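*Asks:*
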Amino acid sequence: MTDDSVLVAGGGIAGLAVARALRQRGIRTFVSERMADAASGGLSIMLPGNAIMAFAELGLRNRLERLGEAVHRREYRSGSGRLLFEVDEDAFWGPLAQPRVLRRSELLDLLDDKHEDNRRSSAVVSVRPVDGGAEATFDDGHVERHGFVIGADGVRSAVRQSVFGEHEARFAVLSAAAFRWIAPNPGVDSYVGWTGEGSFLLIPLDRGEVYVFASATGGAGFEATPEWLERTFGSFPEPVRAVVAYARNHPEALHHSPIEEIRINEWTRGRVALIGDAAHATSPMWAQGGALAVEDAVVMADTLARGDWDSAGQRYERRRRKRVDHVQLATDQFSAAASLPIEVRERTMPEVGPKAYRAAYGPLREKLT
Ligand SMILES: Cc1cc2nc3c(=O)[nH]c(=O)nc-3n(C[C@H](O)[C@H](O)[C@H](O)COP(=O)(O)OP(=O)(O)OC[C@H]3O[C@@H](n4cnc5c(N)ncnc54)[C@H](O)[C@@H]3O)c2cc1C
Numbered sequence: 012m013t014d015d016s017v018l019v020a021g022g023g024i025a026g027l028a029v030a031r032a033l034r035q036r037g038i039r040t041f042v043s044e045r046m047a048d049a050a051s052g053g054l055s056i057m058l059p060g061n062a063i064m065a066f067a068e069l070g071l072r073n074r075l076e077r078l079g080e081a082v083h084r085r086e087y088r089s090g091s092g093r094l095l096f097e098v099d100e101d102a103f104w105g106p107l108a109q110p111r112v113l114r115r116s117e118l119l120d121l122l123d124d125k126h127e128d129n130r131r132s133s134a135v136v137s138v139r140p141v142d143g144g145a146e147a148t149f150d151d152g153h154v155e156r157h158g159f160v161i162g163a164d165g166v167r168s169a170v171r172q173s174v175f176g177e178h179e180a181r182f183a184v185l186s187a188a189a190f191r192w193i194a195p196n197p198g199v200d201s202y203v204g205w206t207g208e209g210s211f212l213l214i215p216l217d218r219g220e221v222y223v224f225a226s227a228t229g230g231a232g233f234e235a236t237p238e239w240l241e242r243t244f245g246s247f248p249e250p251v252r253a254v255v256a257y258a259r260n261h262p263e264a265l266h267h268s269p270i271e272e273i274r275i276n277e278w279t280r281g282r283v284a285l286i287g288d289a290a291h292a293t294s295p296m297w298a299q300g301g302a303l304a305v306e307d308a309v310v311m312a313d314t315l316a317r318g319d320w321d322s323a324g325q326r327y328e329r330r331r332r333k334r335v336d337h338v339q340l341a342t343d344q345f346s347a348a349a350s351l352p353i354e355v356r357e358r359t360m361p362e363v364g365p366k367a368y369r370a371a372y373g374p375l376r377e378k379l380t
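Structure below.
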């Protein structure tokens with residue numbers, strides 16, 4: 012509305028986080044979210060230690076620690092249940108960055124500062140950088156001018172398309188799609204991933220429930236049916252079979268979605284910048300999408316608060332590129348390892364797995380700059 016206000020397109024993790032961070036710095040901020048209600052309310056999200064550190068930057072660590080469950084340990088197992096490697100998450104991250112898993116609706120509610128300038132059911136159709144700001148056109152046809160526009164509108168970003176042109180999202184190296192659901196916990200007490208014909212993950216939530224993720228391996232697609240789950244995971248150990256049986260009886264609990272990635276070499280033009288999935292959607296191999304979105308938000312807000320909005324986008328991008336490139340590379344490497352022939356995977360994982368974990372997460376323990 013003015014040359015010193017910021018418009019955020021998208022009220023997901025990245026959008027709500029950046030709006031909160033900007034308002035904390037006294038910058039007038041408007042959020043436009045196309046959905047009337049929080050999306051993906053029934054799903055969960057794993058937050059590794061660097062995500063917890065980014066929430067702490069927003070002043071939300073204590074409230075976050077009251078939601079969901081801490082993840083103390085990870086186990087990676089073969090499809091027959093043999094332990095391939097394990098990781099002590101408590102020792103790796105320390106008490107101030109303990110990973111957690113929680114429901115997405117709770118996470119969005121935590122990030123939402125419920126400010127009157129957060130508008131729901133309002134979609135941005137296009138954005139155009141202009142001298143000293145940017146103009147946004149909304150789905151009802153009205154146009155607004157702001158001092159800066161942030162595209163936090165996800166993998167199919169309208170801001171990205173209008174400012175940077177069409178970019179094909181690519182399917183993830185591990186799997187073109189995934190099933191996710193929440194089921195009663197069949198008795199697992201830590202994060203457990205199994206790898207065989209498909210990839211299967213259980214993470215214990217609060218309230219006696221468990222978060223379930225199931226996908227193909229080797230970049231394959233699959234039929235979005237409970238029968239595919241039964242065929243692919245029917246010979247996996249009992250906890251897996253129990254939650255697959257639950258899905259068979261409760262098909263309404265199943266969410267099927269593509270896993271798409273965005274790799275582009277420009278996130279900013281004039282006074283417009285992309286954050287979160289709009290800039291760099293990445294396969295959840297290391298569960299980094301939410302973490303990177305909140306890190307982007309903190310750095311974007313800090314950069315804008317330092318002034319000179321003509322160069323803020325470039326400065327934000329310079330501060331974020333290395334970390335995002337690192338996550339994308341680590342994602343590709345572990346996705347490729349997880350897609351090797353099963354017998355090779357089972358032979359190499361005990362040695363390669365712990366190294367890959369340390370290589371992926373080690374640099375992310377460093378503080379944001
Ligand atoms: C199968 C799967 C599992 C995953 N698991 C994890 C995990 O465990 N941990 C993790 O950290 N990450 C995970 N991710 C990634 C994570 O979900 C994303 O990285 C994260 O949601 C990105 O947040 P965002 O705000 O950038 O985008 P989004 O969550 O997509 O939010 C974008 C928002 O913008 C809105 N919007 C879209 N277009 C417009 C428009 N034109 N105008 C206004 N509003 C608009 C949307 O309605 C939405 O609310 C997973 C992803 C997938 C596919």
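The numbers in the sequence shown follow our numbering, run straight up by one, and end at 380.
Built from N, CA and C at the ideal position, the CB exists for glycine as well.
As the structure is a prediction and not an experimental result, all values here were calculated from the model.
Any C-beta of chain D sitting closer than 7 Å to the C-beta of Arg191?
*Replies:* Absence of chain D from the displayed structure is noted, only one protein chain being present.
*Asks:* Taking the alpha-carbon of Ser16 as reference, which of Tyr202, Ala145, Glu68, Thr314 has the nearest alpha-carbon?
*Replies:* Taking the first residue of the sequence shown as position 1, residue 16 is located at position 5. Residue Ala145 is the option with its Cα nearest to Ser16.
*Asks:* Under the assumption that Ala6 contacts Ile286 (Cβ atoms under 8 Å), give the Cβ distance between them as a whole number of angstroms.
*Replies:* Any question about residue 6 goes unanswered here, given that the chain covers just 12 to 380.
*Asks:* Could you spell out where the beta strand (DSSP E) holding Phe190 opens and where it closes?
*Replies:* The residue given as residue 190 occupies position 179 in the sequence shown. 188-195 is the extent of the beta strand (DSSP E) around Phe190.
*Asks:* In chain order, what residues of the same chain have a beta carbon less than 7 Å from the beta carbon of Ser294, not counting five sequence neighbours either side?
*Replies:* Within the sequence shown, the letter at position 283 stands for residue 294. Excluding sequence neighbours, Ser294 sits near Ala183, Val184, Leu185, Ile270, Glu272, Thr342, Ser346.
*Asks:* May I ask you to report which of helix, strand or coil DSSP gives His163?
*Replies:* In the sequence shown, residue 163 corresponds to position 152, counting from 1. The sequence given here has Ala at residue 163, not His. Coil.
*Asks:* In this structure, does DSSP put Ala369 in helix, strand or coil?
*Replies:* As a first step, residue 369 is located in the sequence shown; it is residue number 358 there, counting from the start. First, the amino acid is wrong: residue 369 is Arg here, not Ala. If DSSP states are grouped into helix, strand and coil, Arg369 belongs with the helices.
*Asks:* Can you say whether Leu18 is buried or exposed, counting buried as having 16 or more other CB atoms within 10 angstroms of its CB?
*Replies:* One-based indexing of the sequence shown puts residue 18 at position 7. Leu18 should be labelled buried.
*Asks:* Return the CA-CA distance between Tyr202 and Glu80, expressed in angstroms with no decimal places.
*Replies:* As a position in the sequence shown, residue 202 is number 191, starting the count at 1. As a position in the sequence shown, residue 80 is number 69, starting the count at 1. Distance between the alpha carbons of Tyr202 and Glu80 is about 11 Å.
*Asks:* Is the region 28-36 touching the region 306-320, taking contact as three or more C-beta pairs under 8 Å?
*Replies:* Yes, the region 28-36 touches the region 306-320.
*Asks:* Are the Cβ atoms of Ala298 and Pro59 separated by less than 7 Å?
*Replies:* In the sequence shown, residue 298 corresponds to position 287, counting from 1. In the sequence shown, residue 59 corresponds to position 48, counting from 1. For Ala298 and Pro59, yes; Cβs fall inside 7 Å.
*Asks:* Specify the secondary structure class of Ala81 as computed by DSSP and reduced to three states.
*Replies:* Taking the sequence shown and counting its residues from 1, the one referred to as residue 81 is at position 70. Looking at Ala81 - three-state DSSP - the assignment turns out to be strand.
*Asks:* What separation, rounded to the nearest whole angstrom, lies between the Cα atoms of Asn260 and Trp192?
*Replies:* In the sequence shown, the residue the question calls residue 260 occupies position 249. In the sequence shown, the residue the question calls residue 192 occupies position 181. Roughly 13 Å separates the two Cα atoms.
*Asks:* Helix, strand or coil: how does DSSP classify Met57 here?
*Replies:* Counted from its first residue, the sequence shown places residue 57 at position 46. If DSSP states are grouped into helix, strand and coil, Met57 belongs with the strands.
*Asks:* Label Leu118 either buried or exposed according to how many other C-beta atoms from any shown protein chain fall within 10 Å of its C-beta, with 16 as the threshold for buried.
*Replies:* As a first step, residue 118 must be located in the sequence shown, where it is residue number 107. Answer is buried; the Cβ neighbour count reaches 16.
*Asks:* Could you spell out the range, first to last residue, of the alpha helix (DSSP H) harbouring Trp320?
*Replies:* Stepping through the sequence shown from its first residue, residue 320 is reached at position 309. First-last of the alpha helix (DSSP H) with Trp320: 320-348.
*Asks:* How big is the Cα-Cα spacing for Gly296 and Asp99?
*Replies:* To locate residue 296, count along the sequence shown from 1; it is residue 285. To locate residue 99, count along the sequence shown from 1; it is residue 88. Here residue 296 is Met; the residue named in the question, Gly, does not match the sequence. About 18 Å.
*Asks:* Consider the C-beta atom of Arg72 and the heavy atoms of ligand 3; say whether any pair is separated by less than 6 Å.
*Replies:* Ligand 3 is not part of the structure shown, which contains ligand 1 as its ligands.
*Asks:* DSSP has Phe96 in a bridge; who is on the other side?
*Replies:* If you number the sequence shown from 1, residue 96 lands on position 85. Per DSSP, Tyr87.
*Asks:* Would Asp14 and Gly158 be called neighbours here (beta carbons separated by less than 7 Å)?
*Replies:* For the purposes of this step, residue 14 is taken as residue 3 along the sequence shown, with counting starting at 1. For the purposes of this step, residue 158 is taken as residue 147 along the sequence shown, with counting starting at 1. Result yes, Cβ atoms of Asp14 and Gly158 sit closer than 7 Å.
*Asks:* Could you check whether Gly26 and Val42 sit closer than 7 Å to each other, using their CB atoms as the reference points?
*Replies:* Locating residue 42 in the sequence shown gives position 31, counting from the first residue. Locating residue 26 in the sequence shown gives position 15, counting from the first residue. Cβ distance < 7 Å, so Val42 and Gly26 count as in contact.
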